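J.: Chains as they are written, first to last, in the working numbering: chain U, 1279 to 1415; chain Z, 1279 to 1415. For glycine and all other residues, C-beta sits at the position ideal for the given N, C-alpha and C. Nothing here was measured: the structure is a model prediction, and the numbers come from that model. First the structure, then my questions, so here it is.
Protein chains: 2
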Amino acid sequence: MLIKRKTDYAIRSILYLSQKKNKIVDVNEIAREKFIPSNFLTKILQRLKKKGIIKSFKGKNGGFYLLKNPREINILEIIEIMQGPISLNLCAVDKRKCKLSNVCSLHPLWLEMRKNIERELKRVNFYELMKDYYKRR
Amino acid sequence: MLIKRKTDYAIRSILYLSQKKNKIVDVNEIAREKFIPSNFLTKILQRLKKKGIIKSFKGKNGGFYLLKNPREINILEIIEIMQGPISLNLCAVDKRKCKLSNVCSLHPLWLEMRKNIERELKRVNFYELMKDYYKRR
DNA sequence: ATAAAAATGGACTAAAATAGTCCGATTTAT
DNA sequence: ATAAATCGGACTATTTTAGTCCATTTTTAT
Chain U
1279 MLIKRKTDYA
1289 IRSILYLSQK
1299 KNKIVDVNEI
1309 AREKFIPSNF
1319 LTKILQRLKK
1329 KGIIKSFKGK
1339 NGGFYLLKNP
1349 REINILEIIE
1359 IMQGPISLNL
1369 CAVDKRKCKL
1379 SNVCSLHPLW
1389 LEMRKNIERE
1399 LKRVNFYELM
1409 KDYYKRR
Chain Z
1279 MLIKRKTDYA
1289 IRSILYLSQK
1299 KNKIVDVNEI
1309 AREKFIPSNF
1319 LTKILQRLKK
1329 KGIIKSFKGK
1339 NGGFYLLKNP
1349 REINILEIIE
1359 IMQGPISLNL
1369 CAVDKRKCKL
1379 SNVCSLHPLW
1389 LEMRKNIERE
1399 LKRVNFYELM
1409 KDYYKRR
């Protein structure tokens, strides 16, 4: 699986926060609305916070909100925050792990595929996704 | 990881067999040349055999050779034989596993990405890879 | 002041997927 | 007969993924 559950959950959450604009939303609300185990979501939001995507408020009536403009957040960025660089094949992540990589005609293929996937994902931002969401209902 | 080890090994093996043309090659030779654990490779070749990509000869001097023309085998085919359909995200493999898929603006994205990746991989055949291999040395 | 409701941090665990191993049986060339 | 190969099935080890749990801290409403 290219996209891990935690990444999927992160993306859903950011989409939810995008729709809520500047409103502060707590973990349980997101968990409920997006069908995410709330304890797990806790960890995910912590990570997004550390990376400057969202901001948090502690204490009663606390919660989270989006720090950046939805248009300024792309999907690739979130994937990389949650699970590191897109991994197609071992050698495309770390060339040293493959004894063949220097004489292998597959290596360039994996690298090119990765580049293409990254380009495609970088083009998708959360403002777009939000619009599509409303279209879809 | 999109590409599992077994798939990578399968691809390497087919590339090797492509170069050997009609010569019969045994597991240990492939394992040695392509840095694959030979017991594991055994399983992989069995699968490729069942799917009609290679043919085997039992007994002394036995081994394997490519049944199809390298030009007629594409990478996507081998990936799907070894690990099933390209899996980007849970919902792009099995829609029923995601409660949101019907109202989710991400779902179409994953489907489209999958289609693009598949198209790209389908275009690459083993004759091409072989040529590139010789260029590279 | 106090209680309740929230995030925070760290350690831990369960389940699933991945990457193999091992061995006995069968087949075939010499 | 023997050696060298595939074949098939059961088994195992390791790693990754997907969480859980709990004690602590912070803040707010009352």
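Taking 8 Å as the CB-CB cut-off, is methionine 1360 of chain Z touching chain U?
T.: As a working mapping, residue 1360 of chain Z is identified with position 82 in the second sequence. Output row for methionine 1360 of chain Z: interface = no.
J.: Would you decide whether phenylalanine 1404 of chain U is buried or exposed? Buried here means 16 or more other CB atoms lie within 10 Å of its CB.
T.: As a position in the first sequence, residue 1404 of chain U is number 126, starting the count at 1. By the 10 Å Cβ count, phenylalanine 1404 of chain U comes out buried.
J.: So, with DSSP's three-state summary, where would you put serine 1383 of chain Z?
T.: Here the question's residue 1383 of chain Z lines up with position 105 in the second sequence. Serine 1383 of chain Z falls in the coil class under three-state DSSP.
J.: By how many angstroms is the C-alpha of phenylalanine 1335 of chain Z removed from the C-alpha of leucine 1345 of chain Z?
T.: The sequence position of residue 1345 of chain Z within the second sequence is 67, counting from 1. The sequence position of residue 1335 of chain Z within the second sequence is 57, counting from 1. Taking the straight line from one Cα to the other gives about 12 Å.
J.: Going straight from the alpha carbon of arginine 1310 of chain Z to that of phenylalanine 1342 of chain Z, what length do you get?
T.: To locate residue 1310 of chain Z, count along the second sequence from 1; it is residue 32. To locate residue 1342 of chain Z, count along the second sequence from 1; it is residue 64. Looking at the two C-alpha atoms, the distance is approximately 15 Å.
J.: With a 10 Å radius around its C-beta and 16 neighbouring C-beta atoms as the bar for buried, classify arginine 1349 of chain U as buried or exposed.
T.: Counting from 1 along the first sequence, the entry for residue 1349 of chain U is found at position 71. Looking at its Cβ environment, which holds fewer than 16 other Cβ atoms inside 10 Å, arginine 1349 of chain U is exposed.
J.: From arginine 1415 of chain U to leucine 1378 of chain Z, what does the alpha carbon distance come to, in whole angstroms?
T.: Here residue 1415 of chain U is taken as the residue at index 137 of the first sequence, counted from 1. Here residue 1378 of chain Z is taken as the residue at index 100 of the second sequence, counted from 1. At arginine 1415 of chain U, the pLDDT of 41 sits below 50, so the modelled position is not reliable; the number obtained from the coordinates is stated separately. Going from the Cα of arginine 1415 of chain U to the Cα of leucine 1378 of chain Z covers about 12 Å.
J.: Can you say whether arginine 1290 of chain Z is buried or exposed, counting buried as having 16 or more other CB atoms within 10 angstroms of its CB?
T.: Numbered from its first residue, the second sequence carries residue 1290 of chain Z at position 12. Arginine 1290 of chain Z should be labelled buried.
J.: Please give the ranges of any beta strand (DSSP E) in the region 1332–1364 of chain Z, keeping only runs that are unbroken, at least 3 residues long and fully inside the region.
T.: Correct list: 1332–1335 and 1341–1344.
J.: Three Cβ pairs or more, each shorter than 8 Å: is that satisfied between the region 1391–1399 of chain Z and the region 1364–1378 of chain Z?
T.: Verdict: yes, contact present.
J.: How long is the line joining the alpha carbons of aspartate 1410 of chain U and valine 1402 of chain U, rounded to whole angstroms?
T.: What you label residue 1410 of chain U is simply residue 132 of the first sequence in a count that begins at 1. What you label residue 1402 of chain U is simply residue 124 of the first sequence in a count that begins at 1. Cα to Cα, aspartate 1410 of chain U sits roughly 11 Å from valine 1402 of chain U.
J.: According to the neighbour-count rule (16 or more other Cβ atoms, all chains shown, within 10 Å of its Cβ), is serine 1296 of chain U buried or exposed?
T.: Numbered from 1 along the first sequence, position 18 holds the residue referred to as residue 1296 of chain U. Its Cβ being crowded by 16 or more others within 10 Å, serine 1296 of chain U is buried.
J.: By the criterion of Cβ-Cβ separation under 7 Å, what are the contact partners of valine 1402 of chain Z in chain U?
T.: Residue mapping note: residue 1402 of chain Z aligns to position 124 of the second sequence, counting from 1. Simply Leu1387.
J.: For isoleucine 1331 of chain Z versus isoleucine 1353 of chain Z, is the C-beta spacing smaller than 8 Å?
T.: Counting from 1 along the second sequence, the entry for residue 1331 of chain Z is found at position 53. Counting from 1 along the second sequence, the entry for residue 1353 of chain Z is found at position 75. Going by C-beta atoms, isoleucine 1331 of chain Z is not nearer than 8 Å to isoleucine 1353 of chain Z.
J.: For chain U, check one thing: does any of its Cβ atoms lie closer than 8 Å to the Cβ of glutamate 1398 of chain Z?
T.: Start at 1 with the first residue of the second sequence, and residue 1398 of chain Z comes out as number 120. Judged by the 8 Å Cβ criterion, glutamate 1398 of chain Z is in contact with chain U.
J.: According to DSSP, is asparagine 1403 of chain U part of a helix, a strand, or is it coil?
T.: Taking the first sequence and counting its residues from 1, the one referred to as residue 1403 of chain U is at position 125. If DSSP states are grouped into helix, strand and coil, asparagine 1403 of chain U belongs with the strands.
J.: Let me see if you follow: with CB-CB separation under 8 Å, is leucine 1378 of chain U close to chain Z or not?
T.: Counting from one through the first sequence, the residue named residue 1378 of chain U turns up at place 100. Yes, leucine 1378 of chain U lies at the interface with chain Z (some Cβ there is under 8 Å from its Cβ).
J.: Could you say which of Z:Asp1304, Z:Lys1284, Z:Met1279 and Z:Pro1386 lies nearest to lysine 1333 of chain Z if we only look at CA atoms?
T.: For this step, residue 1333 of chain Z is matched to residue 55 along the second sequence. The residue with the shortest Cα to Cα distance from lysine 1333 of chain Z is Z:Asp1304.
J.: With distances taken between CB atoms, is the gap from isoleucine 1359 of chain U to arginine 1325 of chain U smaller than 8 Å?
T.: Taking the first residue of the first sequence as 1, we reach residue 1359 of chain U at position 81. Taking the first residue of the first sequence as 1, we reach residue 1325 of chain U at position 47. Yes, the Cβ-Cβ distance between isoleucine 1359 of chain U and arginine 1325 of chain U is below 8 Å.
J.: Where asparagine 1306 of chain U and lysine 1284 of chain Z are concerned, what is the direct C-alpha to C-alpha distance, given to the nearest angstrom?
T.: As a working mapping, residue 1306 of chain U is identified with position 28 in the first sequence. As a working mapping, residue 1284 of chain Z is identified with position 6 in the second sequence. Whole-angstrom Cα-Cα distance: 41 Å.
J.: Could you tell me whether any Cβ in chain Z is nearer than 8 Å to the Cβ of isoleucine 1351 of chain U?
T.: Taking the first sequence and counting its residues from 1, one reaches residue 1351 of chain U at position 73. So no, isoleucine 1351 of chain U is outside the interface.
J.: Looking at C-alpha atoms only, which residue of U:Leu1293, U:Lys1282 and U:Ile1281 is the closest neighbour of cysteine 1382 of chain Z?
T.: Working through the second sequence from its first residue, we reach residue 1382 of chain Z at position 104. Of the listed residues, the one whose Cα sits closest to cysteine 1382 of chain Z is U:Leu1293.
J.: Against chain Z, does leucine 1354 of chain U count as a neighbour if the rule is that its beta carbon must be under 8 Å from one of theirs?
T.: Start at 1 with the first residue of the first sequence, and residue 1354 of chain U comes out as number 76. It does not: the Cβ of leucine 1354 of chain U has no partner Cβ on chain Z nearer than 8 Å.
J.: Taking CB distances under 8 Å as the criterion, tell me whether isoleucine 1308 of chain Z reaches chain U.
T.: By one-based count along the second sequence, residue 1308 of chain Z stands at place 30. Closer than 8 Å: no.
J.: Against chain U, with Cβ distances strictly below 8 Å, would asparagine 1347 of chain Z count as a contact?
T.: As a first step, residue 1347 of chain Z must be located in the second sequence, where it is residue number 69. Cβ-Cβ to chain U under 8 Å: no for asparagine 1347 of chain Z.
J.: Could you compute how far the alpha carbon of lysine 1375 of chain U sits from the alpha carbon of isoleucine 1302 of chain U?
T.: In the first sequence, counting from the first residue as 1, residue 1375 of chain U sits at position 97. In the first sequence, counting from the first residue as 1, residue 1302 of chain U sits at position 24. When rounded, the distance between both Cα atoms is 45 Å.
J.: Can you pull the chain Z neighbours of isoleucine 1289 of chain U, defined as C-beta to C-beta under 9 Å?
T.: As a working note, residue 1289 of chain U is residue 11 in the first sequence. Leu1384, listed in chain order.
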